[in-house]
Structure formats: structure tokens, C-alpha cells
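First comes the structure, then the notes that go with it.
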């Protein structure tokens, strides 16, 4: 892929995003890719002076992913879209549509995964540790 | 002070497509804006999983009628990058010509709608009259007025003969003359300036922070244009990004006005330097790998992330359109302005809901 790619884990995602923000990188977008029944790969694409860098995160549908929207406000739309289409949950979103950005609440499947939505997704509260790191940005 | 929530859209006279903004107002001043999307979401990205990678060219062209050629160019460039295909020089120049014709008609369309948003009906009709001539060129060279259907993986499917090249140059001279006659109105008219200057101001720091793209970014003084990366034949043509510094609605209009002249100049350059030879390379095998490709559309940077596993279908096509990138900007621009200015500020980012809800 054009541009350097760094693999990150959930615990150091916010730290890497903060480092890129301090270095003057602009968030281009996020991409989600299904990699298994409960696994989704999330790619964070950044740009500085037309040069791209990417962060690659292996996320699980079971555990929420910290939102980078407190660091990069522009991320809130792309994160909500991934939440809709891949049923991945983000915590700490600046605007959280709870899976209804593009889809109606009664949907039982999404374009990229199938799941039972009989139980309304619970609002997720920010993890105190992650929120503290994001606040430091 | 009384607080109310007013739904702006999904059906609104200034919005040709359905988009809702939930506006919280105190008296006549906006205090918060929350976008509500999903009225026409089509799930086009998911089609990649059951369409041949060649068939997906047709799908990507239909993401947006106005930006059709540039969606197809971005997608094809992504596949060509993965498959290591070298596009013939003539095809690269033809892509520039059709891409710039598209930018030309898109900016004229937007300016007409913008004029309509503050009630300048005669200007709206004048601008759309000029746009018709650009659509005539598209129809004569591609067979279609809007969705051209000429971009293919490995090149293009239609060529131009010498007679068409001269005819396009003549037609563009007429378009340039007409735009020059209208330019003083857009630049100096008292009413237009009163309705657009100082409205929806975005500073360069905010533009970077919010990930603004295209004319919205450049109107805030940041000279970034994806064409500077030199894709297609842009690396062999002379141009500089058009910028403004005020960051308001008038500055965005002036950037687009400057880009009309720039597009005409780029097409003339491409026509003058159009090389001979083939228009399409052979495509062998199936794609395997991943890439992120970017192209500058009329509304800004479009991004295609493509992943292929060696099958005839692609495992993922992610499309990030310029309007998707500019919605966070809109959320920032609206608080603090009067309700009566909302249509002008919303239109100043040139929203395309078709792109937004792929």
C-alpha cells in the first residue's frame, strides 16, 4: 500500500494518534475490513504534505475500540459509519449515533456483517484510562 | 432566551437531495447543528463483493452523477496500482480532459445553485446555460452528457480524432469568454457580497483540524490539491492550486471561479500535448493486494481503499467522498450564524448527498 503502515493495538491507538496529531498529520479517513466472524481490521489513514501513513488495528466485535474523535474531531463520522456497517462499537465518540447514522434502528443485519439486533445496543461510556490519554492531546 | 430545534431538510428548497440538519436555535442564532443521514444510503461498497472487478467500474461511476468520471478514474488507478498496469500516455491525457470537463460543469452547476440559494435567478440561468455547452462536449466525445462510461481498468474505451480536438478547443474558448463576462458579478456584486462575505468563516487551523478538503480547504489558505501528486497526466501539465485566505462563503465561490479558468487551461494544455498511441493496456490475471488511491474531485479529495485477494471480486472497496470529509466542517461552521444564512453556508461546501450515502 502506498505509504508506511504501522500495526497498533487497542492500548496504544490513542497514543499513536496523538503522536501523529502533534507531528501535523491530517486524518484522511478510516476503513473497515472484515477479517473473520468476530474480527474487523480498522485502518486509519493520515496525510502530511501529500504523503500517506496508515495505522492498522485488529479489532473485535466483542470489545469496544477507543474513539480517536476527541483527538481528531473529523473521525466521528467515519467511526459512526464503521459502527453501523460492521457492528464495531467505539467508546468516547464526540457524537454517537448508536448505530443509526445510515441505518434505521430496526435493521437486523448490516452490509458487512449479520447479527441479531433484538437487543438494542447499550450506550458505551468512555474508558477512564483512554479518556485521560485523549484529553492529554 | 428561547431555545428551539428546527429540522433543516430532508426536503428543503436549496437541497436537491435529502439531508437533514437538526438545528438548535436561540432566537434566530444557531447554537448547535447535528446532521441526520441515511435517507438514501445504497450500500454500493458491498456490491464489490459480488461484482467482477471490471463491472465495479460501472458501479463506481454511479456513486455520483456529477463526479462520475473521477470516481471511475480513482477506482481504476487503484486497481492498476495493485496489478502493476501501465496506462498508455494517450489514455492518461484523455482522462485529464474528461476529468477537467467534469470539474468545469460541476463548478458551473454549483455556482448556479449557489446563486439560486440567495434568490439570484437570472445568474442561475446564465451559469447553467454555459454548463450546457460543457455537457455538449461530453456528449460529443463520450456519448453521454453526465455519466461518460469511457473509463476502463488499463485505460479508456473511446478516443478523440483531430477534428474533435479542434472543436473542443473552440467550444472552450466560448465558455471562457462567457465566464469572463459573468465573473465581475460574482466577484463584485453588492448583494452577493453582503450575503456571502464574512459568513461561515473557517480558519486555516480549523480546516486542518476538521479534515476539510477541496475548495473548502483551499479557500482557507491551504494550497493542497491531490492533482499535485501528478496522477494521470497532471505531473506533465502546469498548474498551481487556486487559493483564497478569507475562508468565508465568498472565498469558496472565488476558489471555484478560479478553478473554472484553471480547468479550461488544463484542457487546452492536454489537447495541445495529446500524445498518439494506444488508449488501453491489456489487463491480465486477477488483482491481489491493497492500495489507497486519491483523486481531486470538484468537491475535493476522494479516497478509494481497495483490497483484493486474487479472486475476480474484490474483498473490500471503501469510498470516502469529499462531502463525507466536509460534514464535520459544516457542523463547526453553523453555530453562531443566523438561521437565514444557513442555506448559503450549507451550499458553500457543495454538499453531494449521493456521494455521502454511497
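Chains as they are written, first to last, in the numbering used here: chain A, 1220 to 1356; chain B, 81 to 438.
Glycine included, every Cβ here is placed at the ideal spot set by N, Cα and C.
1. So if DSSP puts residue 389 of chain B in a beta bridge, which residue, or which two residues, is it bridged to?
2. So which residues on chain B does residue 1331 of chain A lean against when the C-beta distance must stay under 7 Å?
3. So what does residue 1251 of chain A bridge to, in DSSP terms?
4. With DSSP collapsed to three states, give me the class of residue 339 of chain B.
5. Counting along the chain, where does the beta strand (DSSP E) carrying residue 1225 of chain A start and finish?
6. Can you tell which of B:259, B:348, B:120 and B:158 has the C-alpha that lies nearest to the C-alpha of residue 143 of chain B?
7. Is the beta carbon of residue 1313 of chain A closer than 9 Å to that of residue 1279 of chain A?
8. Nearest CA to the CA of residue 133 of chain B: which residue from B:415, B:363 and B:423?
9. Return the CA-CA distance between residue 190 of chain B and residue 293 of chain B, expressed in angstroms with no decimal places.
10. Return the CA-CA distance between residue 1277 of chain A and residue 1309 of chain A, expressed in angstroms with no decimal places.
11. Which partner residues of residue 1277 of chain A appear in the DSSP bridge assignment?
12. Is DSSP giving residue 98 of chain B helix, strand or coil here?
13. Rounded to whole angstroms, how far is the Cβ of residue 207 of chain B from the Cβ of residue 192 of chain B, which I believe are closer than 8 Å?
14. Which ranges would you report for the alpha helix (DSSP H) in the region 116-161 of chain B if only whole runs of at least 4 residues count?
15. Cβ atoms of residue 357 of chain B and residue 169 of chain B: under 9 Å apart, would you say?
16. For the beta strand (DSSP E) holding residue 83 of chain B, just list the boundary residues, first then last.
17. Between the C-alpha atoms of residue 1335 of chain A and residue 1305 of chain A, what's the straight-line distance to the nearest angstrom?
18. Going by the CB atoms, is the gap between residue 1296 of chain A and residue 408 of chain B shorter than 9 Å?
19. Against chain A, with Cβ distances strictly below 9 Å, would residue 412 of chain B count as a contact?
20. Does the beta carbon of residue 1246 of chain A sit closer than 9 Å to a beta carbon anywhere in chain B?
21. Does DSSP classify residue 174 of chain B as helix, strand or coil?
22. From the DSSP output, read off the bridge partner residues of residue 1282 of chain A.
23. Name the chain A residues that come within less than 8 Å of residue 383 of chain B, Cβ to Cβ?
24. How is the beta strand (DSSP E) around residue 397 of chain B delimited, first residue to last?
25. Please classify residue 384 of chain B: does DSSP put it in a helix, a strand, or coil?
26. If the cut is a Cβ gap below 7 Å, which residues of chain B does residue 1314 of chain A touch?
27. Using 9 Å as the limit for Cβ to Cβ distance, is residue 1251 of chain A near chain B?
28. Could you check whether the Cβ of residue 1353 of chain A sits closer than 9 Å to any Cβ belonging to chain B?
29. Taking 8 Å as the cut-off, does the region 323-332 of chain B touch the region 424-438 of chain B (at least 3 CB pairs, one atom from each stretch)?
30. Have a look at B:299, B:311 and B:388 and flag the residue whose alpha-carbon is nearest the alpha-carbon of residue 323 of chain B.
31. For residue 94 of chain B, collect the residues of the same chain with a Cβ closer than 8 Å to its Cβ; drop the 5 residues on either side in sequence, then sort them by chain order.
32. Return the residue from the list B:244, B:214 and B:232 that minimises the CA-CA distance to residue 225 of chain B.
33. On a CA-only basis, which of B:157, B:201, B:205 and B:404 is nearest residue 371 of chain B? Give me that one, please.
34. I think residue 146 of chain B touches residue 432 of chain B, with their Cβ atoms under 8 Å apart; what is that distance to the nearest whole Å?
35. Assuming contact is defined by CB atoms lying nearer than 9 Å, are residue 236 of chain B and residue 386 of chain B in contact in what I supplied?
36. So, does the CB of residue 298 of chain B fall closer than 9 Å to a CB anywhere in chain A?
Concretely, from the data shown:
1. Position 309 of the second chain, counting from 1, holds the residue named residue 389 of chain B. Residue 389 of chain B pairs with B:368.
2. Mapped onto the first chain, residue 1331 of chain A falls at position 112. Taking the beta carbon of residue 1331 of chain A as reference, the chain B residues within 7 Å of it are 126, listed in sequence order.
3. Along the first chain, one-based indexing puts residue 1251 of chain A at 32. Secondary-structure assignment with DSSP links residue 1251 of chain A through a beta bridge to A:1261.
4. Here the question's residue 339 of chain B lines up with position 259 in the second chain. DSSP places residue 339 of chain B in the helix class (H, G or I) of the three-state scheme.
5. Within the first chain, the letter at position 6 stands for residue 1225 of chain A. Counting along the chain, the beta strand (DSSP E) containing residue 1225 of chain A begins and ends at 1223-1227.
6. Taking the first residue of the second chain as 1, we reach residue 143 of chain B at position 63. With distances taken between Cα atoms, residue 143 of chain B lies closest to B:120.
7. Numbered from 1 along the first chain, position 60 holds the residue referred to as residue 1279 of chain A. Numbered from 1 along the first chain, position 94 holds the residue referred to as residue 1313 of chain A. Cβ distance not < 9 Å, so residue 1279 of chain A and residue 1313 of chain A don't count as in contact.
8. Reading the second chain from its first residue, position 53 is the one you call residue 133 of chain B. Nearest to residue 133 of chain B by alpha-carbon distance, out of B:415, B:363 and B:423, is B:363.
9. Position 110 of the second chain, counted from the start, is the residue given in the question as residue 190 of chain B. Position 213 of the second chain, counted from the start, is the residue given in the question as residue 293 of chain B. When only Cα atoms are considered, residue 190 of chain B and residue 293 of chain B end up about 16 Å apart.
10. For the purposes of this step, residue 1277 of chain A is taken as residue 58 along the first chain, with counting starting at 1. For the purposes of this step, residue 1309 of chain A is taken as residue 90 along the first chain, with counting starting at 1. Straight-line Cα distance between these residues: approximately 14 Å.
11. For the purposes of this step, residue 1277 of chain A is taken as the residue at position 58 of the first chain. Paired residue(s): A:1260.
12. Sequence index remark: in the second chain, residue 98 of chain B carries index 18 (1-based). In the structure shown, residue 98 of chain B falls within a coil segment according to DSSP collapsed to helix, strand and coil.
13. Start at 1 with the first residue of the second chain, and residue 207 of chain B comes out as number 127. Start at 1 with the first residue of the second chain, and residue 192 of chain B comes out as number 112. For residue 207 of chain B against residue 192 of chain B, the beta-carbon gap comes to about 4 Å, under 8 Å, which counts as contact.
14. If one requires a minimum length of 4 residues, the alpha helix (DSSP H) runs lying completely within the region 116-161 of chain B are 124-127 and 136-141, in chain order.
15. Reading the second chain from its first residue, position 89 is the one you call residue 169 of chain B. Reading the second chain from its first residue, position 277 is the one you call residue 357 of chain B. Yes, these two residues count as a Cβ contact at 9 Å.
16. Counting from 1 along the second chain, the entry for residue 83 of chain B is found at position 3. Here the beta strand (DSSP E) through residue 83 of chain B covers 83-88.
17. The residue given as residue 1335 of chain A occupies position 116 in the first chain. The residue given as residue 1305 of chain A occupies position 86 in the first chain. Interpretation of residue 1335 of chain A is limited by its pLDDT of 49, a score under 50 that renders its predicted location unreliable; the figure taken from the coordinates is listed afterwards. The alpha-carbon atoms of residue 1335 of chain A and residue 1305 of chain A are separated by roughly 13 Å.
18. Indexing the second chain from 1 puts residue 408 of chain B at position 328. Indexing the first chain from 1 puts residue 1296 of chain A at position 77. Yes, these two residues count as a Cβ contact at 9 Å.
19. As a first step, residue 412 of chain B must be located in the second chain, where it is residue number 332. Yes, because at least one Cβ of chain A sits closer than 9 Å to the Cβ of residue 412 of chain B.
20. For the purposes of this step, residue 1246 of chain A is identified with residue 27 of the first chain, where counting begins at 1. Proximity of residue 1246 of chain A to chain B, defined by a Cβ-Cβ separation below 9 Å, is satisfied.
21. Mapped onto the second chain, residue 174 of chain B falls at position 94. It is helical.
22. Here residue 1282 of chain A is taken as the residue at index 63 of the first chain, counted from 1. The partner list for residue 1282 of chain A (beta bridge, DSSP) is empty, contrary to what the question assumes.
23. The count along the second chain starts at 1 and reaches residue 383 of chain B at position 303. At a C-beta separation below 8 Å, residue 383 of chain B has these neighbours in chain A: 1247, 1248 and 1264.
24. Residue 397 of chain B sits at position 317 when you count from the first residue of the second chain. Taken as a continuous stretch (DSSP letters only), the beta strand (DSSP E) holding residue 397 of chain B covers 396-400.
25. Within the second chain, numbered from 1, the residue matching residue 384 of chain B stands at position 304. In the displayed model, residue 384 of chain B falls within a strand according to three-state DSSP.
26. To locate residue 1314 of chain A, count along the first chain from 1; it is residue 95. For residue 1314 of chain A, the residues of chain B that pass the 7 Å Cβ criterion are 114, in the order they occur in the chain.
27. Along the first chain, one-based indexing puts residue 1251 of chain A at 32. Yes, residue 1251 of chain A lies at the interface with chain B (some Cβ there is under 9 Å from its Cβ).
28. As a working note, residue 1353 of chain A is residue 134 in the first chain. Low local confidence applies: a pLDDT of 45 at residue 1353 of chain A is under 50, so the model's placement there is unreliable, and no value is given.
29. Taking 8 Å as the limit for Cβ pairs, the verdict is that the region 323-332 of chain B does touch the region 424-438 of chain B.
30. Here residue 323 of chain B refers to the residue found at position 243 of the second chain. Here the closest residue by C-alpha is B:299.
31. Walking along the second chain from the start, residue 94 of chain B turns up at place 14. Within the same chain, residue 94 of chain B has close Cβ partners 193, 196, 197, 423, 426 and 427.
32. The residue given as residue 225 of chain B occupies position 145 in the second chain. Of B:244, B:214 and B:232, the residue nearest in Cα terms is B:214.
33. On the second chain, position 291 is the one that residue 371 of chain B refers to. When only C-alpha atoms are compared, the closest one is B:157.
34. Within the second chain, the letter at position 66 stands for residue 146 of chain B. Within the second chain, the letter at position 352 stands for residue 432 of chain B. The beta carbons of residue 146 of chain B and residue 432 of chain B sit about 7 Å from each other, so the pair counts as a contact at 8 Å.
35. The residue given as residue 236 of chain B occupies position 156 in the second chain. The residue given as residue 386 of chain B occupies position 306 in the second chain. Taking 9 Å as the cut-off, the Cβ atoms of residue 236 of chain B and residue 386 of chain B do not count as close.
36. Position 218 of the second chain holds residue 298 of chain B. Chain A, which has no Cβ nearer than 9 Å to the Cβ of residue 298 of chain B, makes this no.
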